[in-house]
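Protein chains in written order, with this note's numbering: chain B, 1 to 585; chain C, 1 to 287.
This report refers to the structure that appears directly beneath it.
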Ligand SMILES: Cc1ncc(C[n+]2csc(CCOP(=O)(O)OP(=O)(O)O)c2C)c(N)n1
Ligand code: SF4
Ligand SMILES: [Mg+2]
């Protein structure tokens with residue numbers, strides 16, 4: 001594997017950290033390099049610090065590591081926050097003329113590159129471009145051809161006019177020349193470029209794109225980190241495909257609007273995070289009993305309550321499985337990678353319509369705000385299939401009428417799936433309700449009909465279990481004694497951890513599970529392994545509990561709930577430690 | 001759709017279980033007649049009902065319908081109409097459903113001005129839960145949960161609507177059948193959010209806001225020099241605490257409904273069986 005390079009820009013909120021980082025990530029992606037980005041928020045001391053980190057290689061990268069090679073530090077605190085990741089060969093770029101940076105000390109053997117960012121930016125046309133000067137300096141340090149940065153600047157500022165693009169290019173060159181002239185130094189870095197073509201996107205964007213691809217036409221939501229990006233992505237885009245986005249007054253409204261649109265026959269969705277899921281849970285039973293297809297995206301963040309809103313956690317699993325009074329059939333899908341966020345969204349819409357029930361699509365903060373490069377054909381639109389399930393029109397509605405001539409949207413069938421008629425379909429008028437109902441949707445408390453309807457709704461789940469493919473994703477050594485199971489976004493870090501363990505002579509088999517309910521039966525896999533470890537970002541081991549419940553055996557657990565995603569090297573060490581403990585016991 | 005629709009086509013085969021004499025019978029009849037009269041038929045109509053005695057209307061009427069969660073009828077109606085601009089949407093529920101648990105949605109539905117009709121069957125009581133104070137109950141109205149009366153002023157829904165930028169505000173009385181139907185019909189025909197508060201007496205739990213009370217105290221705005229297109233006039237009527245009124249209180253004739261403001265005019269139920277044309281552009285944007 002080619003050496004990877006880790007870069008970051010950090011400062012205070014308001015320093016333009018995100019957009020600076022994004023420009024550099026885009027430049028790398030356009031240079032044919034793989035990129036994996038992450039965002040760092042205050043972890044020590046007080047709030048205010050934020051950083052955008054980029055890991056890049058000519059090979060695929062799919063996690064973050066504890067290492068930083070080049071850091072653009074706009075504040076002294078940026079250095080403090082990253083001391084553990086910086087090493088002897090690290091280079092720190094800073095502006096010694098900035099008041100707060102005048103007395104900054106560059107630790108140990110690291111190289112400090114003092115560049116008058118603001119002054120050079122002013123000479124190029126405005127102080128606002130000081131971060132771009134720093135990017136130019138970084139290009140020099142990392143021997144990265146500046147034309148790639150030009151290309152990213154063009155993309156970023158194209159709609160603001162050529163003048164601004166040119167000024168930015170000049171600012172970048174000023175940074176580059178300054179370092180070249182003032183620092184007669186050979187750095188250890190040399191970022192090659194390739195001819196590969198990549199796209200760069202985060203999990204929320206992948207979900208939004210998946211929704212449009214799947215024919216979603218209606219989205220209602222209420223802003224909440226880290227799900228807001230789904231809504232902002234769709235806004236202005238879904239309209240080009242005949243859809244619409246509404247910002248509702250709260251999540252109670254958002255999910256009911258989405259439900260209304262779905263009753264109208266649209267593919268419809270909403271997205272939110274923990275506190276919003278609590279409110280939306282009110283409507284879950286109604287979606288299920290009215291047999292309405294709906295996709296509810298939960299981009300998890302740290303809870304409970306407001307918790308740590310900008311931090312990682314996979315703590316809502318039980319809420320998604322069991323939330324709501326009564327017994328509510330539902331599916332829970334949990335894409336394990338950013339590209340899978342796209343495909344699982346498409347699948348979620350198909351499953352929702354084929355089985356006419358609510359489908360949770362869950363991602364989490366680390367996946368939502370993380371960007372990763374992919375080959376564009378990863379998202380092959382020709383491969384998108386739309387299956388609307390059992391929909392009847394005027395021509396075939398006749399076969400689904402009651403003796404008294406009423407359409408039967410809750411007809412008792414062998415597979416549990418009943419016909420759906422969209423408003424406007426002649427003779428299809430019917431009632432949908434949260435009350436228990438008969439086949440026509442009319443309220444009933446008839447004991448037999450009650451049982452028949454409950455069984456029918458559950459039959460859909462059984463049918464889906466049989467008809468659909470709920471397999472986990474598998475990698476590592478298929479014959480290894482050690483089986484590691486995970487769900488959701490830990491897959492990337494785990495894949496790299498497995499390589500590290502392999503280098504150390506430890507074979508591991510990994511099952512990464514994208515389906516929480518229905519989920520694959522892992523009994524044979526667990527029984528065949530000597531050691532089983534379940535990895536997840538929560539304290540209680542909610543998925544581990546499910547595995548134990550399914551398999552009737554104990555598993556070891558690796559849990560993390562400090563708000564930070566797993567890193568590959570850390571995960572490798574944790575797995576080793578868990579196995580060692582097991583061996584001692 | 002056929003033009004020979006009669007209002008009875010909007011009746012379902014379920015017999016209403018409302019108490020004999022309940023105002024909701026008259027309210028529903030007027031709604032069905034207004035729908036038939038405006039050229040709608042059950043297959044192109046969507047009724048969203050709240051939860052309450054009033055909410056049972058979804059069961060007694062025949063149309064596409066959803067009887068949902070207490071207080072959330074307006075968001076559902078909003079979603080239906082956005083997805084299906086071709087469908088006539090009517091939302092109906094009680095005073096508790098609309099002005100208590102659903103009050104937040106009311107304000108925003110009014111602001112959004114989606115082209116649908118909202119009928120609140122206002123009996124100034126919680127009927128279904130057997131007689132507790134509602135947001136429109138009088139300050140001194142004694143109920144099982146307010147033995148000395150709520151001691152809070154009732155919500156003024158018309159004022160709430162006006163303050164939220166309503167384009168159509170009306171009041172009707174379920175037992176004045178012709179006027180009630182006529183007013184609902186105006187709301188249906190209105191280009192935007194047609195809001196009608198209907199006095200729909202509860203004969204079982206409210207012995208104050210009775211048929212006699214409304215019959216005696218209602219002033220019909222049609223018989224006054226009230227100008228419904230004048231916001232100032234509307235404000236005066238709405239803030240007049242001495243009298244009860246019926247009629248169209250306010251109508252903005254320049255109302256531009258949501259779907260026109262936002263260009264939402266497609267039937268969203270129709271989609272291709274693969275990704276929409278041009279979807280690959282979305283991938284290229286990430287280059
Ligand atoms: C979330 C929730 N809380 C409480 C109830 C119980 N409940 C049903 S109807 C109702 C109030 C009904 O009053 P109103 O809306 O005025 O309708 P009416 O029965 O008077 O027509 C209440 C509190 C419920 N169904 N759901
Ligand atoms: S309790 Fe009141 S509102 Fe309910 S049906 Fe009887 S009369 Fe009507
Ligand atoms: Mg009431």
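Beta carbons are placed, not taken as given, at the ideal position from N, Cα and C, and that holds for glycine.
Nothing here was measured: the structure is a model prediction, and the numbers come from that model.
Rounded to whole angstroms, residue 273 (chain B) and residue 487 (chain B) show a C-alpha spacing of 18 Å. Residues of the segment 82-99 of chain C with a Cβ closer than 7 Å to any Cβ of chain B, in chain order: 82, 83, 84, 86, 87.
Distance check between residue 228 (chain B) and each of B:202, B:214, B:242 places B:202 closest, using alpha-carbon atoms only. Taking a 10 Å sphere around the C-beta of residue 36 (chain C), we find 16 or more other C-beta atoms and assign the residue as buried. Of all residues in the segment 188-214 of chain B, those with a C-beta nearer than 8 Å to a C-beta of chain C are 197, 198, 199, 200, 201, 205, 209, 212, 213, 214, reading in chain order. Taken in chain order, the members of the segment 438-449 of chain B whose beta-carbon sits within less than 7 Å of a beta-carbon on chain C are 442, 443.
Pairing residue 131 (chain C) with residue 53 (chain C), the inter-Cα distance amounts to about 11 Å. Among the residues of the segment 399-433 of chain B, those with a Cβ less than 8 Å away from any Cβ of chain C are 404, 406, 422, 423, 424, 425, 426, 427, 428, 429, 430, 431, 432, 433, in the order of the chain. Cβ contact annotation for residue 311 (chain B) (same chain, cutoff 6 Å, sequence separation greater than five): 302, 563, in chain order. With respect to chain B, the C-beta atom of residue 273 (chain C) has a partner C-beta closer than 8 Å.
Counting only Cβ-Cβ distances below 7 Å, residue 78 (chain C) has contacts in chain B at 257, 260, in chain order. A check of alpha carbon separations from residue 226 (chain B) across B:171, B:530, B:243, B:367 identifies B:367 as the nearest.
Closer than 8 Å to the CB of residue 279 (chain C) there is at least one CB belonging to chain B.
In terms of Cβ geometry, residue 23 (chain C) and residue 217 (chain C) do not form a close pair [threshold 8 Å]. Residue 31 (chain B) and residue 195 (chain B) have their alpha carbons spaced roughly 7 Å apart. Identification of chain B residues near residue 283 (chain C) by a Cβ-Cβ cut-off of 8 Å yields 199, 209, 376, 379, 381, ordered along the chain. Each residue's CA atom was taken as its position, placing residue 114 (chain B) and residue 129 (chain B) some 17 Å apart. For the pair residue 571 (chain B) and residue 27 (chain B), the Cα-to-Cα distance works out to about 30 Å. Identification of residues in the segment 258-292 of chain B having a C-beta nearer than 8 Å to some C-beta of chain C yields 258, 259, 260, 261, 262, 263, 264, 265, 266, 267, 268, 282, 283, 286, 290, given in sequence order. Runs of the alpha helix (DSSP H) lying entirely within the segment 119-151 of chain B, each at least 4 residues long, are 130-141 in chain order. Taken from the Cβ of residue 213 (chain C), every heavy atom of ligand 3 lies 7 Å or farther away. With a cutoff of 7 Å, residue 350 (chain B) does not count as near ligand 2, since its C-beta is closer than that to no heavy atom of the ligand.
With its beta carbon at least 8 Å from every one in chain B, residue 192 (chain C) lies outside the interface.
In the three-state scheme derived from DSSP, where H, G and I count as helix and E and B as strand, residue 70 (chain B) is classed as strand.
Excluding residues up to 5 positions away in sequence, 222 lie with their Cβ nearer than 6 Å to the Cβ of residue 250 (chain B) in the same chain. Within a 10 Å sphere around the beta-carbon of residue 282 (chain C) sit 16 or more other beta-carbons, which makes this residue buried. Boundaries of the alpha helix (DSSP H) harbouring residue 321 (chain B): 317-322, taken from the DSSP string. Look at the segment 224-256 of chain B and you find these whole runs of beta strand (DSSP E), each 3 residues long or longer: 244-247. At least one CB atom of chain C sits nearer than 8 Å to the CB of residue 246 (chain B). Counting of Cβ neighbours within 10 angstroms places residue 361 (chain B) among the buried residues, the total reaching 16 or more. The segment 431-441 of chain B makes contact with the segment 409-418 of chain B; the number of CB pairs closer than 8 Å reaches 3 or more. Listed along chain C are 276, 278, 279, each with a C-beta nearer than 8 Å to that of residue 241 (chain B). Taken through DSSP and simplified to helix, strand or coil, residue 39 (chain B) comes out as strand. Where residue 174 (chain B) is concerned, there is no enclosing beta strand (DSSP E), although the alpha helix (DSSP H) around it starts and stops at 162-182.
For residue 516 (chain B), the secondary structure class from DSSP, reduced to helix, strand or coil, is strand. Linking residue 101 (chain B) to residue 498 (chain B) through their CA atoms gives a straight-line distance of about 41 Å.
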